[in-house]
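A.B. asks: Have a look at the structure that comes next, please.
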Amino acid sequence: MSESYIQNLFAERIGGKNYGKSTALYKFEKIKRAKRAALAAHPGAEIIDLGVGEPDEMAVPEAVAQLAQEARRPENRGYADNGDSVLKEAAARYLEKVCGVSGINPETEVMHSIGSKAALSILPAALINPGDVVLMTTPGYPVFGAHARYYGGRVHNLPLVAARRFLPDLSSIPPDVLGKAKALVLNYPNNPTGASATPEFFAQVAAFAKEHRLAVIHDAAYAALVFEGKPLSFLAAPGAKEVGVELHSASKSFNMTGWRCGFVAGNELLVRAYGDVKDNTDSGQFLAIQHAAAYCFDHPEITAKIASKYSRRMSGLVEVLKKAGFNAVKPKGSFFLYVPAPKAAVLPDGRRLEFQDAGEVSQWLITEKLISTVPWDDAGACLRFSVTFVAKDQPDEERVLREVAWRLADVALEF
Ligand SMILES: Cc1ncc(COP(=O)(O)O)c(C=O)c1O
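If you read the sequence shown in our numbering, its first letter stands for residue 8, the second for the next number, and so on.
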């Protein structure tokens, strides 16, 4: 079959004429295929999926009821554009009540998002010219960087390593890179490391950004999922509002990933620019969804309950993994447990399997142990376990954890 002329139309940013021709398999596709193969090899067996990056439960019934009620209101039916004041005001109240950030003006310093992913894909259009540099942490959530590259920007990676408690070393950025940098993208509690920031770190970031004229984009998708203390907002740092914005989302905090709703808050000019590009990108999230999300942001006790479930599961998982030899330390928040990957496994028959990287460990865990995790080889070989695994109640949750322990019990892992 002759090649369609469409093939020659693709932009270089997605591969140009070679778009779609690469046979390289991406990490998540490899995991999906390995899971399929493991199930085919062990029909009816249970794959324990510790690789999932989203909540295992539905939104609470009150949120669903709120949506139903709001969806019946004729005034909510149309284009929402950049939104009405309901979510904006709830966001300002939430920042004050939950994160201790006062003085956010809901009209000028808050704008809704169709989820943080959408906001991260829109913000680069407001900031990045060809040749501009974006400072991003690695491993990490890549969306801002992908879009920055679409606009001709470059990404400078800041590795997150255990020795620095997974906080980037801002002093490591070469002066020529810093000179071209426009944005610093951070995410705490962090995906995938589960690490939390500190008020001192955020204060340092705000001062650094001001000194070097950077816009800080703090992706706080997991902010409210904390196991102790109060959620920590970048906006609570001195001077933060002068330099950046923070992205909050109902996805993980309220089990609403599919609902697609969050907000961007902070620096007025950045919020306005985000809104201008957004206005040319989408027509706003359905007001009924925005209003149901606003209801949730006004009920942070919903998140506290979700976080306490994750905390309980996390404690159990840490114990199980420690017994298997992993250096597992319970994080302070998120639902991710990030551990160094083993270098080898000694099997019951005495054979020794060596692993080149975390990717190989993850494939082996799926194939041989029917346990799915996500490997990260960006800054050391590590595995990400998520406590959002499917379990219908607490006894079932304990059963799943016992099953993980049992499956790992007959191998000796070497680190
Ligand atoms: C770090 C991080 N940011 C943003 C998102 C996307 O969040 P949302 O559902 O609000 O788009 C995710 C989802 O996995 C994430 O891990």
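We put the CB at the ideal spot given by N, CA and C, even for glycine.
None of these values were measured; they are calculated from a predicted model.
Any idea what DSSP makes of residue 411, helix, strand or coil?
C.D. replies: Helix at residue 411.
A.B. asks: Within the structure, which residues are defined as neighbours of ligand 1 by a Cβ-heavy atom distance below 6 Å, reported in chain order?
C.D. replies: Those residues, listed in chain order, are 60, 122, 123, 124, 148, 194, 198, 226, 228, 256, 258, 264 and 269.
A.B. asks: When the Cα atoms are used, what is the spatial distance from residue 320 to residue 67?
C.D. replies: Whole-angstrom Cα-Cα distance: 19 Å.
A.B. asks: Starting from residue 245, follow the beta strand (DSSP E) in both directions and report where the run begins and ends.
C.D. replies: It is not in any beta strand (DSSP E) - residue 245 carries neither H nor E in the DSSP assignment.
A.B. asks: Since residue 232 and residue 340 should fall inside the 8 Å C-beta cutoff, what is the C-beta to C-beta distance between them, to a whole number of angstroms?
C.D. replies: The Cβ separation is near 5 Å, so the contact holds.
A.B. asks: So the alpha helix (DSSP H) residue 281 belongs to, where does it begin and stop?
C.D. replies: Taken as a continuous stretch (DSSP letters only), the alpha helix (DSSP H) holding residue 281 covers 275-286.
A.B. asks: Please return the same chain residues whose Cβ sits closer than 7 Å to the Cβ of residue 15, not counting the five positions on each side in sequence.
C.D. replies: If we look at residue 15 and ignore the five residues flanking it on each side, its Cβ neighbours are 24.
A.B. asks: In this structure, how does DSSP classify residue 290 when only helix, strand and coil are distinguished?
C.D. replies: Residue 290: coil per DSSP, three-state reduction.
A.B. asks: In its own chain, which residues sit with a C-beta less than 6 Å from the C-beta of residue 103, not counting the 5 before and 5 after it?
C.D. replies: For residue 103, where only same-chain residues beyond five positions count, the Cβ hits under 6 Å are 109.
A.B. asks: Rank 210, 305 and 192 by C-alpha distance to the C-alpha of residue 96 and give the top, closest one.
C.D. replies: Considering only alpha carbons, the answer is 305.
A.B. asks: Can you list, in chain order, the residues of its chain whose CB lies under 7 Å from that of residue 301, leaving out five sequence neighbours each side?
C.D. replies: So the qualifying residues of the chain are 93, 94 and 97.
A.B. asks: State the DSSP-derived secondary structure class of residue 382, mapped to helix, strand or coil.
C.D. replies: Strand, per DSSP.
A.B. asks: What separation, rounded to the nearest whole angstrom, lies between the Cα atoms of residue 140 and residue 355?
C.D. replies: Rounded to whole angstroms, residue 140 to residue 355 spans 50 Å at the Cα level.
A.B. asks: What do you reckon, are the CB atoms on residue 55 and residue 411 nearer than 9 Å?
C.D. replies: Against a cut-off of 9 Å, the Cβ pair of residue 411 and residue 55 comes out as a contact.
A.B. asks: Could you spell out where the beta strand (DSSP E) holding residue 118 opens and where it closes?
C.D. replies: It spans 117-120 - the beta strand (DSSP E) in which residue 118 sits, taken as one unbroken run.
A.B. asks: What residue from 350, 225 and 342 has the CA that sits closest to residue 333's CA?
C.D. replies: Comparing Cα positions, the closest option is 350.
A.B. asks: Taking the alpha-carbon of residue 64 as reference, which of 78, 36, 399 and 239 has the nearest alpha-carbon?
C.D. replies: Of the listed residues, the one whose Cα sits closest to residue 64 is 399.
A.B. asks: Give the secondary structure of residue 12 by DSSP, where H, G and I count as helix, E and B as strand, and everything else as coil.
C.D. replies: The answer is helix: DSSP assigns residue 12 an H, G or I state.
A.B. asks: Just to confirm the assignment: which complete alpha helix (DSSP H) runs, minimum length 4, are found wholly within the region 128-201?
C.D. replies: Segments of the alpha helix (DSSP H) lying fully in the region 128-201: 150-157 and 182-187.
A.B. asks: Note the first and the last residue of the continuous beta strand (DSSP E) segment covering residue 254.
C.D. replies: Its beta strand (DSSP E) spans residues 251-256.
A.B. asks: So, is residue 274 buried or exposed, given that buried needs 16 or more other C-beta atoms within 10 angstroms?
C.D. replies: Its Cβ being crowded by 16 or more others within 10 Å, residue 274 is buried.
A.B. asks: Using the three-state DSSP reduction, which class does residue 345 fall into: helix, strand or coil?
C.D. replies: If DSSP states are grouped into helix, strand and coil, residue 345 belongs with the strands.
A.B. asks: On the DSSP letters alone, give me the boundaries of the alpha helix (DSSP H) that residue 313 sits inside.
C.D. replies: Segment 308-330, the alpha helix (DSSP H) holding residue 313.
A.B. asks: Taking only the alpha-carbon atoms, compute the straight-line gap between residue 74 and residue 257 and give it to the nearest angstrom.
C.D. replies: So the two alpha carbons sit approximately 14 Å from each other.
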